[in-house]
Each structure stands twice: as structure tokens, then as C-alpha cells.
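Under full-length UniProt numbering, the first residue of the sequence shown carries the number 1, and numbering increases by one thereafter. Think of the CB as a built atom: it goes at the ideal place given N, C-alpha and C, for glycine as much as any other residue. Note that the coordinates shown come from a computational prediction; the quantities given were computed from them, not determined experimentally.
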Amino acid sequence: MEPTEQETLTTQLTPTEQLIQFECAVEHLIHVRPDEYTVARVVSEEVGEFTAAGAALAGVQPGSVVQLSGRWVRHHRYGDQFVAASCECVLPSHVRGIRMYLGSGLIRGIGPKLAAAIVEQFGEETLKVIDADPNRLLEVHGIGAGRRDKIAASWIGQKVVRDLMVVLQGFGISPLLATKVYIEFGAESLAVVRTDPYRLIEKVRGIGFAAADKIALASGIPAESPQRLRAALLDRLEAARGEGHCYVLRARLLLAARRLVGQEHDLLASALETLVAARAVVIEPDPREPDSDEPVVFSRTLHSTERSLASFLARLLAADSDLPPAVRKRAEASGGADPHAANLHAADPHADSHADQRADDLHADQRAAVAMALTSTVSVLTGGPGCGKSHTVKAIAAAVRSGGGRVTLAAPTGKAARRLAELTGMRAMTVHRLVADLPEADPDALFDDGPMMADLIVVDEASMLDVFLARRLVKLTVPGTHLLLVGDVDQLPSVGPGAVLRDILAVPGVARTELTHVFRQETGSTITANAHQIRRGRMPEDRDLHSHDFWFVDCDDPAEVAAQVVELACAKIPAKQGVPAADVQVLAPTRRGYCGTVALGRAIQERLNPAAEDKAEYWSGTSVFRVGDRVMPIRNNPDKGSAGVFNGTVAVIRGIDPQGRLVTLHTDDGDIAVYDFDELDQLLHSYAISIHRSQGSEYPYVVAPLVTEAGALMLHRNLLYTMVTRAKKTIVVVGQRRALEIAVHNAGRARDTALALRLETALEASETSFR
Numbered sequence: 001m002e003p004t005e006q007e008t009l010t011t012q013l014t015p016t017e018q019l020i021q022f023e024c025a026v027e028h029l030i031h032v033r034p035d036e037y038t039v040a041r042v043v044s045e046e047v048g049e050f051t052a053a054g055a056a057l058a059g060v061q062p063g064s065v066v067q068l069s070g071r072w073v074r075h076h077r078y079g080d081q082f083v084a085a086s087c088e089c090v091l092p093s094h095v096r097g098i099r100m101y102l103g104s105g106l107i108r109g110i111g112p113k114l115a116a117a118i119v120e121q122f123g124e125e126t127l128k129v130i131d132a133d134p135n136r137l138l139e140v141h142g143i144g145a146g147r148r149d150k151i152a153a154s155w156i157g158q159k160v161v162r163d164l165m166v167v168l169q170g171f172g173i174s175p176l177l178a179t180k181v182y183i184e185f186g187a188e189s190l191a192v193v194r195t196d197p198y199r200l201i202e203k204v205r206g207i208g209f210a211a212a213d214k215i216a217l218a219s220g221i222p223a224e225s226p227q228r229l230r231a232a233l234l235d236r237l238e239a240a241r242g243e244g245h246c247y248v249l250r251a252r253l254l255l256a257a258r259r260l261v262g263q264e265h266d267l268l269a270s271a272l273e274t275l276v277a278a279r280a281v282v283i284e285p286d287p288r289e290p291d292s293d294e295p296v297v298f299s300r301t302l303h304s305t306e307r308s309l310a311s312f313l314a315r316l317l318a319a320d321s322d323l324p325p326a327v328r329k330r331a332e333a334s335g336g337a338d339p340h341a342a343n344l345h346a347a348d349p350h351a352d353s354h355a356d357q358r359a360d361d362l363h364a365d366q367r368a369a370v371a372m373a374l375t376s377t378v379s380v381l382t383g384g385p386g387c388g389k390s391h392t393v394k395a396i397a398a399a400v401r402s403g404g405g406r407v408t409l410a411a412p413t414g415k416a417a418r419r420l421a422e423l424t425g426m427r428a429m430t431v432h433r434l435v436a437d438l439p440e441a442d443p444d445a446l447f448d449d450g451p452m453m454a455d456l457i458v459v460d461e462a463s464m465l466d467v468f469l470a471r472r473l474v475k476l477t478v479p480g481t482h483l484l485l486v487g488d489v490d491q492l493p494s495v496g497p498g499a500v501l502r503d504i505l506a507v508p509g510v511a512r513t514e515l516t517h518v519f520r521q522e523t524g525s526t527i528t529a530n531a532h533q534i535r536r537g538r539m540p541e542d543r544d545l546h547s548h549d550f551w552f553v554d555c556d557d558p559a560e561v562a563a564q565v566v567e568l569a570c571a572k573i574p575a576k577q578g579v580p581a582a583d584v585q586v587l588a589p590t591r592r593g594y595c596g597t598v599a600l601g602r603a604i605q606e607r608l609n610p611a612a613e614d615k616a617e618y619w620s621g622t623s624v625f626r627v628g629d630r631v632m633p634i635r636n637n638p639d640k641g642s643a644g645v646f647n648g649t650v651a652v653i654r655g656i657d658p659q660g661r662l663v664t665l666h667t668d669d670g671d672i673a674v675y676d677f678d679e680l681d682q683l684l685h686s687y688a689i690s691i692h693r694s695q696g697s698e699y700p701y702v703v704a705p706l707v708t709e710a711g712a713l714m715l716h717r718n719l720l721y722t723m724v725t726r727a728k729k730t731i732v733v734v735g736q737r738r739a740l741e742i743a744v745h746n747a748g749r750a751r752d753t754a755l756a757l758r759l760e761t762a763l764e765a766s767e768t769s770f771r
């Protein structure tokens, strides 16, 4: 076979020779690896369509025009490719490229048809007209003043983003972050990057100290500058917060910052004092060792939040009960559970058909929990899986409602709230909705004057409450209202900072009941039996690792583990159980590696929802979103949809509009939410999710990898216990027995918090001051 032109070029070039340059329009992205190595289909006037690849292409979008410099190579599998050594975003110089650029959706307000009309009107002068005299756009049919302004504003924004990409690439920073910087700082973006790059750390997700520091040093900011040292200290505090801690030992903070910037201890200590003087941080004695000479450092925000959370909790604990007299009378007379409650609920307009929980249906410790919840203004109900926590909550709620009281049920995630509603037969909402400042009446409120005005508020999955959400909850709870926190302290703590449930349980003055009788184990659930073994720090018996609902697949090679996980999730379990693949959830301890959520999620996406010519898709960073994808929001957005979209909501992409730059989601509770392309970093694919993100949810079938490459920090008992208890019917764990043993026996490191001490102090004080 005769060599093609591309093959000829390949044989004529070596890395030391002159590189070839092309001006190309990007037609579509084929693949973007997690390390940002990008493969794209492009078209140039010189050679037509071809495939370009390389890390230099990171950040390009369909429709963008780039100046590529590189050489031809022959890939053993994909044939001829142009490997780019450099890539610079430029404006197109030919009519075809201008039409593609304008019609790609990069410029808001212009779709393919309007792009064709604009180019027909102005030809090769089109971009000059938009840039220098946008009023002339009114000459084009279909463009009015509103659309002209939108086009002009978007054009300016794209210019800044292009310049930012060039600047960031020059500093060795991913150009994918350019849009995020522009969204945050707008026209000031370039000035911020060049003169105050440390501001990017706090404001732009994805830019940490290392990236900002690289820019700063390259811009001439001295290595020992106070600005740099303060940023390093705050970065290490933020890193600790990311691990759930509320404070850091001063000595440990200074050492961590010193390792980061390589500067002397005294300079960093001085920078820390400056932060204290500016009230950015607070230094206090060590809560665990008050007599120690080594203090601890809080960020101002976390210090204030912990203090006020303790104060508001103490206020609730000190308040007299406002439960209806009928409820209090019955609680006092019958130990909290009225055997006649079932006959009274019909008189209550808020009662429902599920409110007939009788006292004689309850185990002794469940009856004790009912009495506790009806006599204590703040109380905690704990217990492992299968111990009847939800059944007990149903009985408590029934007792309150049958006496004319009002009950609100909530959980930290939408899925947990729906599960709580299913188990109790009552309506439930997310804690975020419960405490949100809603502009209109809440359609899910159980009564007219708002869900916070209940006589009893029950929060399930309370181990997921971080200090920020907990503070807002207790601040808005009216003194006299009973607050019941329900949770399992052996599960993973919250994603955010703090260990609220653990700390409250550490205070003797708070009423608590632990349910210990396991009902579900009586039905032969190996999942439940193994979960209780794990929470005690014991390995499950071998027979229990190969049972009808719990199966361990012993496999040493991480790549093979990943392949088996994908096959089980996409094919084997759906075929054997006769269920859709959507009923199978993959959970993983980490994001990276063969068995991380990123690689597994991509592999499952390609199996279950591959690219197709008739299927709209959009690349955002290193992720491709397609119609039909399963996704999960990772930020709270009360304004999206009819009822708000909150962290952990499960959704499916039903539409992608390139012209409007919009993605439409259908959530699993029937709501519709729309995301702008620039907001897609708020969504994650949910084909494979972290165990942390699965908290509060249950899935019919769970498949999970477990390998030592996850590291000791991620292989710990709470994580394994949480993973196992997410499965309702079957869990299949694929991995190394050694990893399983490490996770079972590794109790993990407790979070550094001061809430327990603050709450004890507040309860002991003769007079509590409130914020």
C-alpha cells in the first residue's frame, strides 16, 4: 500500500526538526482523559478533516479555532493523528471557520442558523463587526436590541477567557480553569491572576495553593512575602477542614505550611499572628488537653460556627417542652407510648393511615426511645442496621400526632428523605429545604405555618450533619420544640467539617437511646450480620462472604478488579436478577486509580450510554455529558427546579441545548432542573460514586472495589461499614482480602473538633449567652 500524505510527513519529521502549523476549527471532541490529554476531530483549509491529540489541546471546545503546532504520527490502533506540541486559541480567518465558531454555542444568543445569516451579511468581516461595531448586528434579520446585547457581552467574555487560557498555559496551569476564573472575577480576571493570584484559592474550585503559588512566583512575588505565607497557612487550614477537622494544632499547622513554602518557622509564626490580628483565624487552648502549652488554630468561620451551635443547642436543652398537653400527659402516664394511640389518630387532621403504631408492637428499647423523645427537648436515637430506628420514629411521630401535635421529618439528602418517607409512611424533606429561606409557601409543609413550627422535628441520618448545617438547624428550631436526631455514629461522618452526632453523644447532659436488638438479622440478612461484625472490628466469617446477599470476589490485580466491577454492574447482575442496570450502584473509596470513581464511571458510561450521532453531548473539562446520563448535583441550588436541587439528588439528563448552552435534568422525584454549561462543574456522573456521597441512600444492588491502592486513609472501618449498609438486596465486593482486613481493623483517625467541650461548658454555665 502506498503511504498516505500523513505517513509521508511522519517519516520526514523528527522531534528536532521544524514543526508543522495549522489553523484548525474544532468539530468535536473524541476523548479527554482525566490528565487532560485531549483527542479532537478538527478541520483545516490545508488538509481537511483529521484527528489531533495531545495535552496541549486541553480546554478546547467544539467551534473554537486553534493554531496547532506539531507533527504527524501513526497510531497503531487509530491510524494517522496530528500530535500537537502547542495549541493557541485564535479567531478564525476563513468564512467556514467563522460560521462554525459562531454556530457552536460558544457565543450566547447565536445558533447555527443565525450564525449562517450573520456570516452571509458580513462575510470575512463578521468578527470585526461584532468586536468593533456590534450595533451593526441589527442589520441581520432576527437580531433585536436584546439579542445584540447578549451577543456583545458573550463576545467580550470569550475574549477574556481566550486571554486567560493563554496566560494560564504560560504558567503551566490547566486552561480548563479559565472559564471558572472568568465566572468569578469577570473583567477583572486577568488583573487578579497577574497581581493577586492567591485570591483564586478561595474563589475558584480547582485552583489550590500550588497553582496560585506557581503563578505568584512566576509573576515576581517574593518567596518570603507575607502574602504568600498567609496564603499557605490558610491553605493548610482549609486542607484540614476538607478532612473534616475544625482546628489544627498550631505546631502542626506551622510545620505543614513550612513544608509547603520552604520558609523559616519565625516568618510563618509572624504571618500567623497577622492572621490572628486580622481576625481571619482564632487561637485557643487544645480542647482535648486544656493544660497543654500547645494551642490550636481555628478559621474564624469554623470557630464562630462551633460556638454558636453549642449555644443554640444549650438553649433548646434548657427550654420547657411545648408539646401539646395531651401528648405530655400520655408520655408521663404510659412511659411515652400510649397503647390507645391507634384509636386516637383519626381525630387528628394531620394524622394519616400509617399513624397507628401501637406500643405493644415495640421492643423494650424502642419504647424507651419513645418515652425519651416525648420527654426531652433534645435527644438522640442511635443503633445499627436492622435495629428498627425508622419503626421507632414512626411510633414517636404517631404518638405526637395522635395527641394533636405537629411533626416534621427531615434528612440531609433527598434520597434519605424519600427513604424516611417510605419507611414511616409520612412526608419528609431535606434538611436544606427545612432551613431554607423559601420565597413562597413550601408545598411539602405538613401544616400552614411552616415546617420549622412543628412540635417535634426528627432529623434522620444525623451523622451526615456538618457543623454549618447543624448550626442553621438548631438556630431556627424554636425553643420548646422537641428535636430528635436519629443516626448511626459508626457510619462515615459528614462530608463537611465536624462530627456533630459523635460530639453530642459525648455530652452526658443529652438524652440518648441506643437500639441494640437486631430485627433484620432474624430474617437471615447476611448484609446486616456482616455490618455488625464490621462495626465491632471483626472480620466476617468466610461463609458470610459467599452468601445469598453478600459476596466477596477475591482478586489481586486492580485492573482486573475494575474490569470485573464494570462487568458485574453493566451485565452480570442485571441479567441474573432481571433488573435494569440503573438498579446497580457502584461505590468506591477513592476518585483516582483503576478502581476510583473517575475511571469506573467513564467505563460504565461508555457501556451503558455510549456516544451516538443522534445523541447530544457536551464536554465540560474532562467530563462528557450526554442525553441519558445519570448524574448527581454536588451543590445546593434552592432556586433550580420547582422545589430546589440539593447535593446528592439523583437525576438523568434529558436534554442538551448547544445554542442556549443549557442542560436539562429530570430528578428522580419528578422535578425538572436546568443547568448552564458554565455550571456543569456542579454535576457529577453517578455511574460510580464515592462511599461518602452514598450516605443516606440505599440501593437494591451494590458493587464495590476494595484494593490496597486506595491507601490506609481511605481503608477504614467506618467507610467499609457505610459501604456495606448501602445495599438493600445484594452487595458484591471485588478486591483483595488484605484490603478488606485493613479496613475492618483500621478504626481511623477521629476528627479534631471542640463542639463537645463547648456544649458541656454551655450547659454548665449558670447563664447562657446567645448570638
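Is the CB-CB distance between Asp671 and Ser697 below 8 Å? The sequence position of residue 671 within the sequence shown is 671, counting from 1. The sequence position of residue 697 within the sequence shown is 697, counting from 1. No, the pair does not count as a contact, with Cβ atoms beyond the cut-off.
With DSSP as the reference, please indicate the residues paired to Thr195 in a beta bridge. Here residue 195 refers to the residue found at position 195 when the sequence shown is read from its first residue. Answer is none; Thr195 lacks a bridge partner.
Could you check where the beta strand (DSSP E) with Gly601 kicks off and where it finishes? Locating residue 601 in the sequence shown gives position 601, counting from the first residue. Note, Gly601: premise wrong, no beta strand (DSSP E); alpha helix (DSSP H) at Thr597 to Leu608.
Leu420 CB to nearest chain B CB: under 8 Å? The structure shown contains no chain B, having only a single protein chain.
Leu268 beta carbon less than 8 Å from that of Leu302: By 1-based counting over the sequence shown, the position of residue 302 is 302. By 1-based counting over the sequence shown, the position of residue 268 is 268. Taking a C-beta distance under 8 Å as the contact criterion, Leu302 and Leu268 do not qualify as a contact pair.
Specify the secondary structure class of Ile689 as computed by DSSP and reduced to three states. Reading the sequence shown from its first residue, position 689 is the one you call residue 689. Of the three classes helix, strand and coil, the one that applies to Ile689 here is strand, per DSSP.
Reference Thr38; option with closest CA among Val60, Leu19 and Gln21: The residue given as residue 38 occupies position 38 in the sequence shown. Out of Val60, Leu19 and Gln21, Val60 has the C-alpha closest to the C-alpha of Thr38.
Among Ala762, Ala562, Ser620 and Arg607, which has the Cα closest to the Cα of Arg592? Mapped onto the sequence shown, residue 592 falls at position 592. Checked all of Ala762, Ala562, Ser620 and Arg607; the closest Cα to Arg592 is Ala562.
Cutting at 7 Å between CB atoms, please list the residues of its own chain near Trp155, excluding the five before and the five after it. As a working mapping, residue 155 is identified with position 155 in the sequence shown. Ile107, Ile130 and Asp131, listed in sequence order.
Given a threshold of 16 other Cβ atoms within 10 Å of its Cβ, counted over all protein chains shown, does Arg77 qualify as buried or as exposed? Translated into the one-based positions of the sequence shown, residue 77 becomes position 77. With a 10 Å radius around the Cβ and a threshold of 16 neighbouring Cβ atoms, Arg77 comes out exposed.
Count the other CB atoms, across all protein chains shown, that sit within 10 Å of the CB of Val282; report buried if there are 16 or more and exposed otherwise. In the sequence shown, counting from the first residue as 1, residue 282 sits at position 282. By the neighbour-count rule (16 or more Cβ atoms within 10 Å), Val282 is buried.
Helix or strand or just coil, what does DSSP make of Leu200? If you number the sequence shown from 1, residue 200 lands on position 200. Helix, per DSSP.
From what residue to what residue does the beta strand (DSSP E) around Thr481 run? In the sequence shown, the residue the question calls residue 481 occupies position 481. Element bounds for Thr481: n/a, residue is neither H nor E.
Going by C-alpha to C-alpha distance, which of Pro580, Glu541 and Ala599 sits closest to Val565? On the sequence shown, position 565 is the one that residue 565 refers to. Checked all of Pro580, Glu541 and Ala599; the closest Cα to Val565 is Ala599.
Check for me: the beta strand (DSSP E) holding Tyr618 runs from which residue to which? As a first step, residue 618 is located in the sequence shown; it is residue number 618 there, counting from the start. Going by DSSP, Tyr618 is part of the beta strand (DSSP E) stretching over Glu617 to Ser620.
Closest by C-alpha distance to Lys476, when choosing among Thr597, Leu313, Gly578 and Val732: The residue labelled residue 476 in the question sits at position 476 within the sequence shown. The amino acid at residue 476 is misidentified as Lys; the sequence shows Leu. Selected option, being the one with the closest Cα: Leu313.
Could you check how far apart the C-beta atoms of Arg74 and Asp80 are, in whole angstroms? I think they sit under 8 Å. Here residue 74 refers to the residue found at position 74 when the sequence shown is read from its first residue. Here residue 80 refers to the residue found at position 80 when the sequence shown is read from its first residue. The Cβ separation is near 6 Å, so the contact holds.
Could you check whether the region 248-265 touches the region 289-296, counting it as contact only if at least three pairs of C-beta atoms, one from each stretch, sit closer than 8 Å? yes
Flag this pair as yes or no: are the beta carbons of Pro638 and Ala436 separated by less than 8 Å? Residue numbering aside, residue 638 sits at position 638 when the sequence shown is read from its first letter. Residue numbering aside, residue 436 sits at position 436 when the sequence shown is read from its first letter. Yes, the Cβ-Cβ distance between Pro638 and Ala436 is below 8 Å.
Secondary structure at Val90, three-state DSSP: helix, strand or coil? Translated into the one-based positions of the sequence shown, residue 90 becomes position 90. For Val90, the three-state secondary structure derived from DSSP is strand.
Mark residue 818 as exposed unless 16 or more other C-beta atoms lie within 10 angstroms of its C-beta, in which case mark it buried. Residue 818 lies beyond the range of the chain shown here (1 to 771); nothing can be said about it.
Whole angstroms is fine: what's the gap from Ile604's alpha carbon to Ala178's? As a first step, residue 604 must be located in the sequence shown, where it is residue number 604. As a first step, residue 178 must be located in the sequence shown, where it is residue number 178. Approximately 29 Å, taken between the alpha carbons.
In the DSSP assignment, what residue or residues form a beta bridge with Pro705? For this step, residue 705 is matched to residue 705 along the sequence shown. Bridge partners of Pro705: Val734.
Can you say whether His548 is buried or exposed, counting buried as having 16 or more other CB atoms within 10 angstroms of its CB? As a working mapping, residue 548 is identified with position 548 in the sequence shown. By the neighbour-count rule (16 or more Cβ atoms within 10 Å), His548 is not buried but exposed.
Determine, using beta-carbon pairs with one atom in the region 110-124 and one in the region 140-158, whether at least three such pairs fall under 8 Å. yes
Where are the alpha helix (DSSP H) runs, 4 residues long or more, that stay fully inside the UniProt domain "AAA+ ATPase" (375-522), in chain order? 389-402, 414-424, 431-435, 467-476 and 500-505
Could you tell me whether the region 650-661 touches the region 626-637, using the rule of 3 or more Cβ pairs below 8 Å? yes
Can you say whether Lys203 is buried or exposed, counting buried as having 16 or more other CB atoms within 10 angstroms of its CB? For this step, residue 203 is matched to residue 203 along the sequence shown. Lys203 is exposed by the Cβ-count criterion.
Beta-carbon gap between Cys555 and Gly735 smaller than 8 Å: On the sequence shown, position 555 is the one that residue 555 refers to. On the sequence shown, position 735 is the one that residue 735 refers to. Contact flag set, yes.
Among residues of its own chain, excluding the 5 on either side of Pro349, which ones have a beta-carbon nearer than 8 Å to its beta-carbon? For the purposes of this step, residue 349 is taken as the residue at position 349 of the sequence shown. Because Pro349 sits at a pLDDT of 33, beneath the cut-off of 50, its placement in the model cannot be relied upon, and the following sentence gives the value as read from the coordinates. Cβ neighbours of Pro349 beyond the five flanking positions: none.
Return the residue from the list Val407, Ser219 and His363 that minimises the CA-CA distance to Leu190. Counting from one through the sequence shown, the residue named residue 190 turns up at place 190. Checked all of Val407, Ser219 and His363; the closest Cα to Leu190 is Ser219.
Range of the contiguous alpha helix (DSSP H) that encloses Ala40: Here the question's residue 40 lines up with position 40 in the sequence shown. From DSSP, Ala40 is part of no alpha helix (DSSP H) but of the beta strand (DSSP E) over Thr38 to Ser44.
Run through DSSP, which three-state label would Ala85 get? Taking the first residue of the sequence shown as position 1, residue 85 is located at position 85. Strand at Ala85.
Taking a contact to mean a Cβ-Cβ separation below 8 Å, would you say Leu485 touches Val400 in this structure? Here the question's residue 485 lines up with position 485 in the sequence shown. Here the question's residue 400 lines up with position 400 in the sequence shown. Cβ distance not < 8 Å, so Leu485 and Val400 don't count as in contact.
Shortest alpha-carbon distance to Asn530 belongs to which of Leu740, Cys87, Ala454 and Phe209? The residue labelled residue 530 in the question sits at position 530 within the sequence shown. Answer by Cα proximity: Leu740.
Alpha carbon of Asp752 to alpha carbon of Ala231, nearest angstrom: Residue numbering aside, residue 752 sits at position 752 when the sequence shown is read from its first letter. Residue numbering aside, residue 231 sits at position 231 when the sequence shown is read from its first letter. If I take the Cα positions, the gap works out to 22 Å.
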